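Asks: Here you go, one structure.
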Amino acid sequence: MTDGLWTLYGQPGWGSAIVDLQLGWYGLPTAFIPVGHLFEDPAAAARLRQINPLGQIPALILPDGTLMTESGAITLLLADMAAPERSLVPPPQAPERAAFLRWLLFINSAIYPCYTVMDRADTLVPDPAAREGFSVQMRDRLLAAYRLWDAAVTGPWCLGGRMSALDFYAAVMVRWTPGPEWFAAEAPALWAVAQRVWALPELAEVWRRNGLPAGEE
Ligand SMILES: N[C@@H](CCC(=O)N[C@@H](CS)C(=O)NCC(=O)O)C(=O)O
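Residue numbers are given in UniProt numbering: position 81 of the sequence shown equals residue 81, and the series is strictly consecutive.
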């Protein structure tokens, strides 16, 4: 047992921030453990594999000691425990439920894996000449997926009038490749959602440990 504490292994601003924001939103007592730069520090990656054999963050230790990985699964699990009026996941009967599930899975299967392989391109494609073409293709795929997500966002939130965990994903991801300038210009609906999330007073402390979004300091 860990005294009701949720222990989150992560890195400021990385994918762990998506979970960190949700823990903060739900008011769950969180111990944040920075793991170090997984791509520049082999020792950091080796240490993390002792916690999560896949070597990825977010890695969350639940209060009962269970290891939980996969941000999408964590999103659903936390919502199971949340008060209905606070939940970041539309319940089964909600009109937004289908769109929520579609885009949650889309983010996790069409968008997030692009980063996972782009970040490891040097080992996945050791030949530098081949790697260049691979990286261009992955980036194009990533941008196309973001454009599809952006086109589905009607505002003010990803699901229209209902705020959800999708908005937290947007708020973290618009700070990643291809960078905030691209999102502001090419994915304006996602960019607007992100700004709304950055401004939520309940999340100020979580943003502080994840690096405040540009212009918000
Ligand atoms: N499907 C996972 C993806 C997690 C992921 O790719 N995290 C990145 C950092 S943002 C990572 O730990 N990469 C290290 C690696 O894959 O070796 C999730 O949604 O939690």
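A virtual CB, placed ideally from N, CA and C, is assigned to each residue, including glycine.
Here the structure is a predicted model, which means the values were calculated and not measured.
What's the gap between the Cα of Y112 and the Cα of L142?
Replies: Against the sequence shown, residue 112 aligns to sequence position 112. Against the sequence shown, residue 142 aligns to sequence position 142. Their backbone Cα atoms lie some 9 Å apart in a straight line.
Asks: For the beta strand (DSSP E) containing M68, list its first residue and its last residue.
Replies: Position 68 of the sequence shown holds residue 68. Where M68 is concerned, the enclosing beta strand (DSSP E) stretches over 67–69.
Asks: What are the boundary residues of the beta strand (DSSP E) that includes F32?
Replies: Looking up residue 32 in the sequence shown gives position 32. It spans 30–34 - the beta strand (DSSP E) in which F32 sits, taken as one unbroken run.
Asks: Would you mind stating whether L8 and L60 have Cβ atoms separated by less than 7 Å?
Replies: Stepping through the sequence shown from its first residue, residue 8 is reached at position 8. Stepping through the sequence shown from its first residue, residue 60 is reached at position 60. Yes, Cβ-Cβ distance for L8 and L60 is below 7 Å.
Asks: Any idea what DSSP makes of I57, helix, strand or coil?
Replies: In the sequence shown, counting from the first residue as 1, residue 57 sits at position 57. Reduced to three states, the DSSP call for I57 is coil.
Asks: The beta strand (DSSP E) that contains residue 218, what's its start and end?
Replies: Residue 218 lies beyond the stretch modelled for the chain, which goes from 1 to 217, so this question has no answer here.
Asks: In the DSSP assignment, what are the bridge partners of L159?
Replies: As a working note, residue 159 is residue 159 in the sequence shown. Note: L159 sits in a beta bridge opposite R162.
Asks: Please classify S109: is it buried, with 16 or more other beta-carbons within 10 angstroms of its beta-carbon, or exposed?
Replies: Along the sequence shown, read from residue 1 onward, the residue named residue 109 stands at position 109. It is exposed - the Cβ of S109 has fewer than 16 other Cβ atoms within 10 Å.
Asks: Applying the criterion that 16 or more other CB atoms from any shown protein chain within 10 Å of the CB defines a buried residue, is P58 buried or exposed?
Replies: Walking along the sequence shown from the start, residue 58 turns up at place 58. P58 should be labelled buried.
Asks: Looking at C-alpha atoms only, which residue of R120, R131, A171 is the closest neighbour of E40?
Replies: As a position in the sequence shown, residue 40 is number 40, starting the count at 1. Nearest option by C-alpha distance: R120.
Asks: Assign L212 to buried or exposed, taking buried as 16 or more other Cβ atoms, counted over all protein chains shown, within 10 Å of its Cβ.
Replies: Here residue 212 refers to the residue found at position 212 when the sequence shown is read from its first residue. Flag for L212 reads exposed.
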